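Residue numbers (the working numbering): 35 to 193.
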């Protein structure tokens, strides 16, 4: 999988996508809105079982109370955590459909360095071309195809 100026290339297809409002950066920091440059890998696949069927056998359900820690000072920074959680976090089970399907990457994981940025996901876009907070976003049908096709360990090159 290679992120190009025209979209995400994977298995002979070009998937239109959006990136972070901060562009692509080699010096990614928490809250900068940038998509980090480099070689990343797909490490997980999450889905909302109350909204969609499992996209692949290795997908895990997003449960009520699932959160993602984005608190650089917390010991579980940049990992899936459960409510109640008293540090800064993002809810994975959202009212909108943005996170109904999430491909997780290994950005700043498994040994997260505080302040380097958390959670670079591949997820549904709000609308075509709308920037993200650093993630890569695309149309739901393309995201479903990607989730069904990519395997754990699939490389993601961001130049």
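Beta carbons are placed, not taken as given, at the ideal position from N, Cα and C, and that holds for glycine. It should be emphasised that the depicted structure is a prediction, and the values quoted were computed from it without experimental measurement.
On the three-state DSSP scale, how would you describe residue i?
| i | result |
| --- | --- |
| residue 179 | helix |
| residue 20 | Any question about residue 20 goes unanswered here, given that the chain covers just 35 to 193. |
| residue 95 | strand |
| residue 54 | strand |
| residue 69 | strand |
In the DSSP assignment, the beta strand (DSSP E) including residue i goes from what residue to what residue?
| i | result |
| --- | --- |
| residue 103 | 100-103 |
| residue 43 | 41-44 |
| residue 195 | Because the chain in this structure spans residues 35 to 193, residue 195 falls outside the shown range and cannot be described. |
| residue 157 | 155-158 |
| residue 125 | 123-125 |
| residue 75 | 72-81 |
| residue 108 | Segment: none, residue 108 is in no beta strand (DSSP E) and carries neither H nor E. |
| residue 184 | Premise fails: residue 184 is in no beta strand (DSSP E) and is neither H nor E. |
| residue 47 | 47-49 |
| residue 171 | 170-172 |
| residue 189 | 189-192 |
Check the C-beta distance from residue i over to residue j and give it rounded, since I have them as a contact under 8 angstroms.
| i | j | result |
| --- | --- | --- |
| residue 183 | residue 45 | 6 angstroms |
| residue 79 | residue 137 | 6 angstroms |
| residue 82 | residue 127 | 7 angstroms |
| residue 94 | residue 102 | Not quite, the Cβ-Cβ distance comes to about 13 angstroms (not below 8 angstroms), so this is no contact. |
| residue 100 | residue 85 | Between residue 85 and residue 100 the Cβ distance is about 14 angstroms, and since that is not below 8 angstroms, they are no contact. |
| residue 139 | residue 77 | 6 angstroms |
| residue 135 | residue 178 | 7 angstroms |
| residue 56 | residue 67 | 4 angstroms |
Are residue i and residue j close, meaning C-beta to C-beta below 8 angstroms?
| i | j | result |
| --- | --- | --- |
| residue 119 | residue 152 | no |
| residue 190 | residue 158 | no |
| residue 165 | residue 52 | yes |
| residue 170 | residue 69 | yes |
| residue 88 | residue 148 | no |
| residue 172 | residue 50 | yes |
| residue 54 | residue 124 | no |
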